[in-house]
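First the structure, in the form of C-alpha cells, and then the observations on it.
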Amino acid sequence: MTHPLVTQLRFARAEFRRVMDGVTAEDAMKRLLPMNSLSWMVGHLANQEQFYWIFLAQGVEKVPHPSLNELVGFGRPASIPDWE
Numbered sequence: 031m032t033h034p035l036v037t038q039l040r041f042a043r044a045e046f047r048r049v050m051d052g053v054t055a056e057d058a059m060k061r062l063l064p065m066n067s068l069s070w071m072v073g074h075l076a077n078q079e080q081f082y083w084i085f086l087a088q089g090v091e092k093v094p095h096p097s098l099n100e101l102v103g104f105g106r107p108a109s110i111p112d113w114e
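Counted from 1, the sequence shown has number 103 at position 73 by my numbering; the numbering is strictly sequential.
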C-alpha cells in the first residue's frame with residue numbers, strides 16, 4: 031500500500047501541473063508585487079524538492095541543479111528567472 035504522504039505528493043504535483051498548463055513564458059516572468067514571479071516560485075519548489083528528496087533523503091551531495099539554491103533558494107532576494 032502506498033504511504034499517504036506519497037499519495038498526497040503525487041496529487042499536489044498533478045494539481046500543480048494542471049494549473050500551470052498553458053502559462054506562457056511572458057506570463058510566468060511577470061512579477062506582481064508583492065509576490066514573486068511564477069518562474070521564481072517554480073524554481074523555488076524545484077530547489078526544495080532537490081534539497082529534501084535528493085540531498086537529505088538520498089545523501090547525494092552532487093545535486094542535478096546546484097545553481098538553483100543561489101537563484102531561488104530560501105532567503106534569496108526576489109528575481110525573475112528565465113522560464114525556459
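Think of the CB as a built atom: it goes at the ideal place given N, C-alpha and C, for glycine as much as any other residue.
| query | Does the Cβ-Cβ distance between Trp70 and Ile110 come in under 8 angstroms? | reply | Yes, these two residues count as a Cβ contact at 8 angstroms.
> By a C-beta neighbour count over all protein chains shown, 10 Å radius and 16 as the cutoff for buried, is Val102 buried or exposed?
Replying inline: Per the 10 Å Cβ criterion, buried.
_Same chain, Cβ closer than 7 angstroms to Ser67, neighbours up to 5 away in sequence not counted_ = Same-chain partners within the cutoff: Ala58, Met59, Lys60, Arg61 and Ile110.
Span of the alpha helix (DSSP H) around Gly73: Annotation for Gly73: the continuous alpha helix (DSSP H) segment containing it runs Leu68 to Glu79.
Let me check understanding here. Comparing Cα to Cα, which of Leu63, Gly73, Val36 and Glu56 lies closest to Leu98?
The candidate whose alpha carbon is nearest that of Leu98 is Gly73.
### Message
Suppose you measure from the CA of Leu86 to the CA of Asn77; what does that come to, to the nearest Å?
### Response
For Leu86 and Asn77, the gap between their C-alpha atoms comes out near 12 angstroms.
Practice problem: For Ala44, I'd like the list of residues in its chain whose CB is within less than 8 angstroms of its CB, leaving aside the five on either flank, ordered along the chain. | Solution: Sequence-distant Cβ neighbours of Ala44 in its own chain, meaning closer than 8 angstroms and more than five residues away, do not exist here.
Locate the alpha helix (DSSP H) running through Met50, then write down its first and last residues.
For Met50, the enclosing alpha helix (DSSP H) begins and ends at Pro34 to Met50.
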